[in-house]
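Here is the structure we will look at.
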Amino acid sequence: MLWLISGHQLTVSEISTFCIAASYLVALVLEAIRPLWLARARYFLALSFLVAGIVAHLLYLAFVARGAMFSGQGVFVSWADWSLIAALLLVGAATGLMIKRPQNTVAVFLLPMVLVLIGVAELCKEMEPFKGEAIASWGFVHGLALLIGTVSVGLGFSTGIMYLIQSNRLKNKKGPSSGLRLPSLEWLQRFNREALLLSAILLGIGVASGVILGAQPGKELSPTDPAILSSSMMFLWIVGACIFEVVYQPARQGKKVAYVTLANFVFLVLVLTLVLYSGHAGE
Numbered sequence: 021m022l023w024l025i026s027g028h029q030l031t032v033s034e035i036s037t038f039c040i041a042a043s044y045l046v047a048l049v050l051e052a053i054r055p056l057w058l059a060r061a062r063y064f065l066a067l068s069f070l071v072a073g074i075v076a077h078l079l080y081l082a083f084v085a086r087g088a089m090f091s092g093q094g095v096f097v098s099w100a101d102w103s104l105i106a107a108l109l110l111v112g113a114a115t116g117l118m119i120k121r122p123q124n125t126v127a128v129f130l131l132p133m134v135l136v137l138i139g140v141a142e143l144c145k146e147m148e149p150f151k152g153e154a155i156a157s158w159g160f161v162h163g164l165a166l167l168i169g170t171v172s173v174g175l176g177f178s179t180g181i182m183y184l185i186q187s188n189r190l191k192n193k194k195g196p197s198s199g200l201r202l203p204s205l206e207w208l209q210r211f212n213r214e215a216l217l218l219s220a221i222l223l224g225i226g227v228a229s230g231v232i233l234g235a236q237p238g239k240e241l242s243p244t245d246p247a248i249l250s251s252s253m254m255f256l257w258i259v260g261a262c263i264f265e266v267v268y269q270p271a272r273q274g275k276k277v278a279y280v281t282l283a284n285f286v287f288l289v290l291v292l293t294l295v296l297y298s299g300h301a302g303e
């Protein structure tokens, strides 16, 4: 193992997150090899690893919350905590879709983002926790809405990729036997549209609560703050996309919604990068 070769000893935190990520990685591999191993045992094995990972994930977050309460700190008040919560929400969605649609290979497109978020949590674990204003009342609403909105954008990104792959298959007259089985274009388009609408609502709540938080006494709201500016622009972009999709009938067809959700994800990565480097959440 790499950590043994390097002589690095894992901490309890690293072992926990490593075990969680390892469970999800095994499930990802088992789902990815579905075209090569069609036995039903593979499906139940992959699902078992996902459930085991979720249980470990929940226990780890409970341990983190318990430790924070005993130390007098707020519960889930760091980028590492929120990254792990976002990962849990995504893996929950992947598991739910895997149970509801066992004939489709959806988890393959969701679990990589889960693993990335766990990696981000490890990278951010030494960062300073959020300050009091960021975790109380409107600060909590602000963070929670943006968190779930971020997960919605991630779900839309995954289904957008699936839509483009499935559309290309049908265009080239390739059957499901030539690769991973994906949901129908109609289902993917509907899911994409719902993810787009949900992300618009939640990001709107996040931006509005952020404005209320910044308008409180003793706080100075700067419209030129990179995090505020970029998140507001992203919200306006998604709202514009929703309006365009409702008003302009052809936008509901074909690959247009898929391309919009892919653009949303790129925009989201840019916004989160600016937030992290500007220290916005800690203010």
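Under this note's numbering, think of the first position of the sequence shown as 21, with each following residue one higher.
Idealized CB from N, CA, C, for every residue including glycine.
key: Nonlocal neighbours in the same chain, by C-beta distance under 7 Å from Trp257, ignoring five residues either side   = The answer, listed in chain order, is Phe287.
inquiry  = Would Arg62 and Arg54 be called neighbours here (beta carbons separated by less than 8 Å)?
reply    = Yes, they are a contact pair.
ask   = Does the ligand COA have even one heavy atom less than 7 Å from the beta-carbon of Phe83?
value = With respect to the ligand COA, the structure offers nothing, as it holds no ligand at all.
C-beta atoms of Leu282 and Gly169 nearer than 8 Å = No, the pair does not count as a contact, with Cβ atoms beyond the cut-off.
query = So what's Met133 in DSSP terms, helix, strand or just coil?
reply = In this structure, DSSP gives Met133 a helical state, which the three-state scheme calls helix.
ask   = Between Phe69 and Leu81, which are expected to be in contact by the criterion C-beta below 8 Å, what is the C-beta distance as a whole number of angstroms?
value = Wrong, their Cβ atoms sit about 19 Å apart, outside the cutoff.
ask   = Is the CB-CB distance between Leu200 and Leu135 below 8 Å?
value = No, the pair does not count as a contact, with Cβ atoms beyond the cut-off.
message = Could you give the first and the last residue of the continuous alpha helix (DSSP H) run that contains Ser103?
response = Here the alpha helix (DSSP H) through Ser103 covers Trp99 to Lys120.
query = What's the C-alpha gap between Leu164 and His77?
reply = Just so you know, the alpha carbons of Leu164 and His77 end up roughly 19 Å apart.
task = Going by CA-CA distance only, name the one from Ser36, Ser98 and Leu202 that's closest to Glu146.
result = Answer by Cα proximity: Ser98.
query = Met21 by DSSP, collapsed to three states: which one?
reply = Residue placement at Met21 is poorly supported in this model, since its pLDDT is 39, which falls under 50; the coordinates still yield a value, given next. Of the three classes helix, strand and coil, the one that applies to Met21 here is coil, per DSSP.
inquiry  = Our contact map puts Leu222 next to Ser172 with C-beta atoms below 8 Å; I'd like the distance itself, whole angstroms only.
reply    = For Leu222 against Ser172, the beta-carbon gap comes to about 6 Å, under 8 Å, which counts as contact.
query = Since Gln209 contacts Val277 with CB under 8 Å, what's their CB separation in whole angstroms?
reply = Separation of the CB atoms of Gln209 and Val277 is rounded to 6 Å, and the pair is thereby assigned contact status at 8 Å.
request  = Taking the CB atoms as reference points, tell me whether Ala88 and Leu137 lie closer together than 8 Å.
outcome  = No, they are not a contact pair.
message = So Ala113 and Phe96 are supposed to be a Cβ contact under 8 Å. How far apart are they, rounded?
response = With a Cβ gap of about 19 Å, Ala113 and Phe96 do not count as contacting.
Cβ-Cβ separation, Val280 to Leu216 (assumed contact under 8 Å), whole Å = Indeed they touch by this definition, with Cβ atoms about 7 Å apart.
ask   = In angstroms, rounded to a whole number, what distance separates the CA positions of Val41 and Glu142?
value = The residue you asked about is not Val; residue 41 is Ala in the sequence shown. Our two residues, Ala41 and Glu142, have alpha carbons roughly 11 Å apart in a direct line.
ask   = Do we get a CB-CB distance below 8 Å when we pair Ser36 with the residues of chain C?
value = Here chain C cannot be found, since the structure has a single protein chain.
key: Coarse secondary structure for Ser219, derived from DSSP in three states   = The answer is helix: DSSP assigns Ser219 an H, G or I state.
query = Which of the three DSSP states, helix, strand or coil, is assigned to Gln209?
reply = Three-state DSSP puts Gln209 in a helix.
message = Our contact map puts His162 next to Ser229 with C-beta atoms below 8 Å; I'd like the distance itself, whole angstroms only.
response = With 8 Å as the limit, His162 and Ser229 qualify as a contact, their Cβ atoms being about 4 Å apart.
query = What residue from Phe255, Ser36, Leu205 and Leu67 has the CA that sits closest to Asn188's CA?
reply = Ranking Phe255, Ser36, Leu205 and Leu67 by CA distance to the CA of Asn188 puts Leu205 first.
query = Buried or exposed: which applies to Asn284, given that a residue is buried once 16 or more other Cβ atoms fall within 10 Å of its Cβ?
reply = Per the 10 Å Cβ criterion, buried.
query = Under 8 Å, do Gln176 and Asn124 count as touching if we go by C-beta distance?
reply = Per the sequence shown, the amino acid found at residue 176 is Gly instead of Gln. Their beta carbons are not under 8 Å apart, which means Gly176 does not touch Asn124 by this criterion.
CB of Phe255 within 8 Å of CB of Val227, strictly = Taking 8 Å as the cut-off, the Cβ atoms of Phe255 and Val227 count as close.
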